[in-house]
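Asker: Mind having a look at this structure? Questions to follow.
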Amino acid sequence: MMAPAVLAINYGAEALGQGGAGQITGTLGDVRVDGRAQIKGNLADWRTTPFTAQIGASSADGNKLLALLYPKIAPASSSPLSPGTLNLRLGGTSQRFDTSGR
Numbered sequence: 069m070m071a072p073a074v075l076a077i078n079y080g081a082e083a084l085g086q087g088g089a090g091q092i093t094g095t096l097g098d099v100r101v102d103g104r105a106q107i108k109g110n111l112a113d114w115r116t117t118p119f120t121a122q123i124g125a126s127s128a129d130g131n132k133l134l135a136l137l138y139p140k141i142a143p144a145s146s147s148p149l150s151p152g153t154l155n156l157r158l159g160g161t162s163q164r165f166d167t168s169g170r
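Positions in the sequence shown are counted from 1; adding 68 to them yields our numbering.
Put into structure tokens, the structure is as follows:
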């Protein structure tokens, strides 16, 4: 079952050929989601134009954050409540990504 979602997505384009940026904020169930992506060039050349993207998710209950990523794995019922955070960064072009996460 999917968690109820409330998301806001915003997009803004720079001057012609200069790129654009998008932002997403909201919740997926009890998980807070924040993200941003930016393309640094002409949108028509998206396959070769550099871009960056970051997305973060956090929850007061780290088990719920894991359940969004791995819905078929159930945590032990005795697992203590502890906060959880997931951050992912991407950069490069559509043909080569550099990633980092924590």
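Beta carbons are placed, not taken as given, at the ideal position from N, Cα and C, and that holds for glycine.
#1: Hey, out of Arg100, Gly87, Gln86 and Leu133, whose CA is closest to Ala76's CA?
#2: Go through its chain and collect everything with a Cβ distance to Thr120's Cβ below 6 Å, but skip five positions before and after it.
#3: Which ranges does the beta strand (DSSP E) cover as unbroken runs of at least 3 residues, wholly within the stretch 118-154, from first to last along the chain?
#4: Under three-state DSSP, which class holds Asp113?
#5: Can you give the Cα-Cα distance for Ser150 and Gly97, rounded to whole angstroms?
Answerer: In short:
#1: Arg100
#2: Gln106 and Gly159
#3: 119-127
#4: helix
#5: 17 Å
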